[in-house]
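Here is the structure we will look at, set down as structure tokens.
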Amino acid sequence: MNTLKPRDQSYRSQGFRSPDASLGPGAWTKEIVPGPDIKNKDTVVQLAKMNYNAYTEVGTPGWYDLGGHWNVSTSFGWEEDGIRGHVFASSDNNTMIIAVKGTTAAFLGGGGGSAPRDKINDNRLFSCCCANVDRTWRTVCDCNSGGYNCNQQCVEDSVNSDDVYYQNAMNIVWTMQDMYPNAILWLTGHSLGGGLTALVGLTLGLPTVTFETPGD
Numbered sequence: 001m002n003t004l005k006p007r008d009q010s011y012r013s014q015g016f017r018s019p020d021a022s023l024g025p026g027a028w029t030k031e032i033v034p035g036p037d038i039k040n041k042d043t044v045v046q047l048a049k050m051n052y053n054a055y056t057e058v059g060t061p062g063w064y065d066l067g068g069h070w071n072v073s074t075s076f077g078w079e080e081d082g083i084r085g086h087v088f089a090s091s092d093n094n095t096m097i098i099a100v101k102g103t104t105a106a107f108l109g110g111g112g113g114s115a116p117r118d119k120i121n122d123n124r125l126f127s128c129c130c131a132n133v134d135r136t137w138r139t140v141c142d143c144n145s146g147g148y149n150c151n152q153q154c155v156e157d158s159v160n161s162d163d164v165y166y167q168n169a170m171n172i173v174w175t176m177q178d179m180y181p182n183a184i185l186w187l188t189g190h191s192l193g194g195g196l197t198a199l200v201g202l203t204l205g206l207p208t209v210t211f212e213t214p215g216d
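What follows is the structure, encoded as structure tokens:
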């Protein structure tokens, strides 16, 4: 598949926060990279199982056995209330798939775990004007400029804050690229995780398969 990737790694140090950190046309290079065969039912089912497993710890009840084709290389977020998931590696470590879980539901004001921060990220990334609905709702940013209008720069800055999963997801990808510089890297996610992996995949030119992403 054809993809556009950043020409070099200088953007890592620049980050995505400063006004001059945008990447112009000259900063990208067109590459042909191997991607998952989404027309193959078995491939899609395997990716779906990885997404299901992203909601649970390794070996817990309900964990899907991937049949020895994929092993868990590492997991992330299970000791914190933030972005969570697993990195699945092929038996030869030639291909790595980062699977990011979606929103953990909060029932009756509870939910525990990552549910509160998941909800903040849902509203920050995908709601209308940071969940500015009415006076009974608490917004997740201060960018409203009246009615259902927001200050664009304020929203962009709020998305780049440390409590938003997008930057966390970028750091996970960079870590895997540093650990396995020659490996093929794919992304997948469900719901909130699908939205995050789609954004990161678009930013870094990585093949991405999502399930029930916000907006679907």
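Just so you know, we're using UniProt numbering here: the sequence shown kicks off at 1 and counts up by one. C-beta: ideal position from N, C-alpha, C; glycine also.
1) Quick check: what's the CA-CA separation for residue 66 versus residue 100?
2) Within this structure, are the beta carbons of residue 89 and residue 73 separated by less than 8 Å?
3) In terms of residues, what are the limits of the alpha helix (DSSP H) holding residue 213?
4) With respect to the alpha helix (DSSP H) encompassing residue 197, which residues constitute its N-terminal and C-terminal limits?
5) From this set, 138, 154 and 137, which residue's C-alpha is nearest residue 145's C-alpha?
6) With a cut-off of 8 Å on the beta carbons, I'd call residue 98 and residue 176 a contact; round off their distance for me.
7) Assuming the contact rule is C-beta atoms closer than 8 Å, residue 130 and residue 148 should be a hit. Round their C-beta distance to whole Å, please.
8) Find the nearest neighbour of residue 212 within the set 192, 199 and 202, judged by alpha-carbon distance.
9) DSSP puts residue 128 in a beta bridge; with which residues?
10) Quick check on residue 48: does DSSP put it in helix, strand or coil?
11) Looking at residue 51: is its Cβ nearer than 8 Å to the Cβ of residue 189?
12) Please confirm whether any heavy atom of the ligand MG lies closer than 7 Å to the CB of residue 125.
13) Name the residue from 195, 68 and 45 whose alpha carbon lies nearest to the alpha carbon of residue 215.
14) Taking residue 184 and residue 95 to be in contact with their CB atoms under 8 Å, please state how far apart those CB atoms are, rounded to whole angstroms.
15) Can you list, in chain order, the residues of its chain whose CB lies under 7 Å from that of residue 123, leaving out five sequence neighbours each side?
16) In the DSSP output, which residue or residues are listed as bridge partners for residue 75?
From the atom records:
1) Along the sequence shown, read from residue 1 onward, the residue named residue 66 stands at position 66. Along the sequence shown, read from residue 1 onward, the residue named residue 100 stands at position 100. Going by the C-alpha atoms only, they are around 17 Å apart.
2) Taking the first residue of the sequence shown as position 1, residue 89 is located at position 89. Taking the first residue of the sequence shown as position 1, residue 73 is located at position 73. Cβ distance < 8 Å, so residue 89 and residue 73 count as in contact.
3) Residue mapping note: residue 213 aligns to position 213 of the sequence shown, counting from 1. In the DSSP assignment, residue 213 falls outside any alpha helix (DSSP H), carrying neither H nor E.
4) Counted from its first residue, the sequence shown places residue 197 at position 197. Per DSSP, residue 197 belongs to the alpha helix (DSSP H) from 192-204.
5) Counting from 1 along the sequence shown, the entry for residue 145 is found at position 145. Closest option to residue 145, Cα to Cα, is 154.
6) Taking the sequence shown and counting its residues from 1, one reaches residue 98 at position 98. Taking the sequence shown and counting its residues from 1, one reaches residue 176 at position 176. So it is a contact: roughly 7 Å between Cβ atoms.
7) Here residue 130 corresponds to residue number 130 of the sequence shown, with the count starting at 1. Here residue 148 corresponds to residue number 148 of the sequence shown, with the count starting at 1. That pair is no contact at about 11 Å.
8) Residue numbering aside, residue 212 sits at position 212 when the sequence shown is read from its first letter. Minimum Cα distance to residue 212 is reached at 192.
9) For the purposes of this step, residue 128 is taken as residue 128 along the sequence shown, with counting starting at 1. DSSP, once it has assigned bridges, lists no residue as partnering residue 128.
10) The residue labelled residue 48 in the question sits at position 48 within the sequence shown. In the structure shown, residue 48 sits in a helix (DSSP, three-state: H, G or I).
11) Indexing the sequence shown from 1 puts residue 51 at position 51. Indexing the sequence shown from 1 puts residue 189 at position 189. Yes.
12) This structure lacks the ligand MG; in fact it carries no ligand of any kind.
13) Here residue 215 is taken as the residue at index 215 of the sequence shown, counted from 1. It is 195 whose Cα lies nearest to the Cα of residue 215.
14) The sequence position of residue 184 within the sequence shown is 184, counting from 1. The sequence position of residue 95 within the sequence shown is 95, counting from 1. Yes, they are in contact, since the Cβ atoms of residue 184 and residue 95 sit about 5 Å apart, within 8 Å.
15) As a working note, residue 123 is residue 123 in the sequence shown. Answer for residue 123: 130, 131 and 140, listed in chain order.
16) The residue labelled residue 75 in the question sits at position 75 within the sequence shown. Partner(s): 86.
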